[in-house]
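Residue numbering for the sequence shown is 12 to 361, as defined by the working numbering.
Glycine is no exception: its CB is placed at the ideal position from the N, C-alpha and C atoms.
The structure displayed is predicted, hence computed values, not measured ones.
Structure, as structure tokens:
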Amino acid sequence: MSETSASPFDNVRAVTWNDGRLQLLDQRRLPDRAVYLEYQDPIDVADAIRDMVVRGAPAIGITAAYAVVLAAKQAYLEGADKWRILIEAAMEKLAAARPTAVNLHWALKRMQALFPGIEGDPEPVLLAAARAIHDEDIAANQAMGKAGAALLGESKAVLTHCNTGSLATGGFGTALGVIRAARQAGYLEMVYVDETRPWLQGSRLTAWELMQDKIPVTLLTDSAAGYLMSQGSIQWVIVGADRVAANGDVANKIGTYGLAVAARHHAVKMMVVAPCSSFDLDTPSGDLIPVEDRGPDEILQFNGRQIAPGGVPAWNPVFDITPAALIDVIVTEKGVIETPDRQKIAAVLA
Ligand code: MRU
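Laid out in structure tokens, this is it:
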């Protein structure tokens, strides 16, 4: 079930649904405090996604699906015959909350596709769909975990970037799911984690998750990753994805592209772990993926304190595009895609 842990290596849930209420673990406050915020209004949920209470592509999609349930509940109370129209404003706000993670749009479309067939109160049908999206994501992560771990062979150490764990998904994680599965199988002596400037998903979230699971972790600055590779310390870079284009180009947390370039130079393998809900076959290549720019404050300030000279311009794209040619393998729940290209991706996703 979506709200319980399926493994001793999986003890956190970012998104839960209880008694008609959505609860989100406020990731802005981790690792200091684990506080759940409760939501009954879908517009508040859209704000929570924009403000990073919840983040990570699959977790955002699941959250949006539950927000549609909240919107339907409100809209049906207002007018039993026109809930479909009333719900649309909330869906537009949800869709606009973050532009790069395609799971958000995928989940909203999947919920909307049910509207024409619903008679009477939409809540039970939509809640069942949201729960299915949540449960399917956990199942996909566990399948990808096994498939990805099987590729690691005798690898002793890997590097991961951003947070791709239970906090970023329904549970277990994508790239972190592979790492969890490898540890469960008795492999991997060390997981290196980039801090992940500027929001510090690596230090605040991934290091926290790994420590909860007692998986050996070493934190490094993003700029130390190339040197780590040059020392021969890691065999794989393992990351998630916010959107995979039809040709295998991958949008993921800013810094991923630089890791892929350095990995190729040092003959370190590059693995992307992404469920089918992160693929966007309507977008032919990575240059057409919208990249979110979160504005300069995340760079100019730290914990609310100015750390750069007043007035200095800053550029803060929070994702980048890694070309398929720099990726050795994409792991999905439907199969593993080595040296990904358009044909192989279409065949696995078909
Ligand atoms: O800005 P964020 O924290 O939402 O970015 C998250 C990432 O880039 C993750 O790597 C991606 O969503 C894959 S998570 C399963």
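For a test of your reading of the model: does the CB of Ser288 fall under 8 Å from any non-hydrogen atom of the ligand MRU? Yes or no. As a first step, residue 288 is located in the sequence shown; it is residue number 277 there, counting from the start. Outside the cutoff, so no.
When you compare each of Ile226, Ala325, Met201, Asn152 to Ala252 by their alpha carbons, which one comes out closest? The residue labelled residue 252 in the question sits at position 241 within the sequence shown. Shortest Cα-Cα distance from Ala252 to any of Ile226, Ala325, Met201, Asn152 involves Asn152.
Just tell me which of Pro42, His276, Val284, Trp326 has its CA closest to the CA of Lys157. As a first step, residue 157 is located in the sequence shown; it is residue number 146 there, counting from the start. Answer by Cα proximity: Val284.
Just to check my reading of the structure: Val23 and Gln212 have Cβ atoms closer than 8 Å, yes? What is that Cβ distance to the nearest angstrom? For the purposes of this step, residue 23 is taken as the residue at position 12 of the sequence shown. For the purposes of this step, residue 212 is taken as the residue at position 201 of the sequence shown. Wrong, their Cβ atoms sit about 14 Å apart, outside the cutoff.
Looking at Ile71 and the ligand MRU, is the gap between the Cβ and the nearest heavy atom below 8 Å? For the purposes of this step, residue 71 is identified with residue 60 of the sequence shown, where counting begins at 1. Ile71: yes, Cβ under 8 Å from the ligand MRU.
Who pairs with Trp247 in a beta bridge, going by DSSP? Taking the first residue of the sequence shown as 1, we reach residue 247 at position 236. DSSP output for Trp247 lists Val169, Lys280 as bridge partner(s).
What separation, rounded to the nearest whole angstrom, lies between the Cα atoms of Ala78 and Val56? Your numbering for residue 78 matches position 67 in the sequence shown. Your numbering for residue 56 matches position 45 in the sequence shown. Approximately 6 Å between the Cα atoms of the pair.
With a threshold of 16 other CB atoms inside 10 Å of the CB of Gly321, please say whether the residue is buried or exposed. As a first step, residue 321 is located in the sequence shown; it is residue number 310 there, counting from the start. Exposed, because fewer than 16 other Cβ atoms sit within 10 Å of the Cβ of Gly321.
Assigned secondary structure, Ala357 (DSSP; H/G/I helix, E/B strand, else coil): Looking up residue 357 in the sequence shown gives position 346. Three-state result, Ala357: helix.
Measuring CB atoms only, is the stretch 84-100 touching the stretch 124-135, in the sense that at least three cross pairs come out at less than 8 Å? Using a C-beta cut-off of 8 Å, the stretch 84-100 makes contact with the stretch 124-135, since at least three inter-stretch Cβ pairs fall below that distance.
Does the distance between the C-beta of Phe330 and the nearest non-hydrogen atom of the ligand MRU fall short of 8 Å? Locating residue 330 in the sequence shown gives position 319, where the first residue counts as 1. Yes; taking the cut-off as 8 Å, the Cβ of Phe330 has a heavy atom of the ligand MRU nearer than that.
Taking all protein chains shown into account, do 16 or more other C-beta atoms lie within 10 angstroms of the C-beta of Ile96, making it buried, or fewer, making it exposed? In the sequence shown, the residue the question calls residue 96 occupies position 85. The residue is exposed, with fewer than 16 neighbouring Cβ atoms inside 10 Å.
May I ask you to report which of helix, strand or coil DSSP gives Gly188? For the purposes of this step, residue 188 is taken as the residue at position 177 of the sequence shown. Helix.
Under the rule that 16 or more other beta-carbon atoms within 10 Å means buried, what is Arg316, buried or exposed? Stepping through the sequence shown from its first residue, residue 316 is reached at position 305. Arg316 comes out exposed.
Using the three-state DSSP reduction, which class does Trp219 fall into: helix, strand or coil? Looking up residue 219 in the sequence shown gives position 208. Of the three classes helix, strand and coil, the one that applies to Trp219 here is helix, per DSSP.
Checking the sheet assignment: what are the DSSP bridge partners for Arg32? Working through the sequence shown from its first residue, we reach residue 32 at position 21. According to DSSP, which records beta bridges pairwise, Arg32 is partnered with Asn29.
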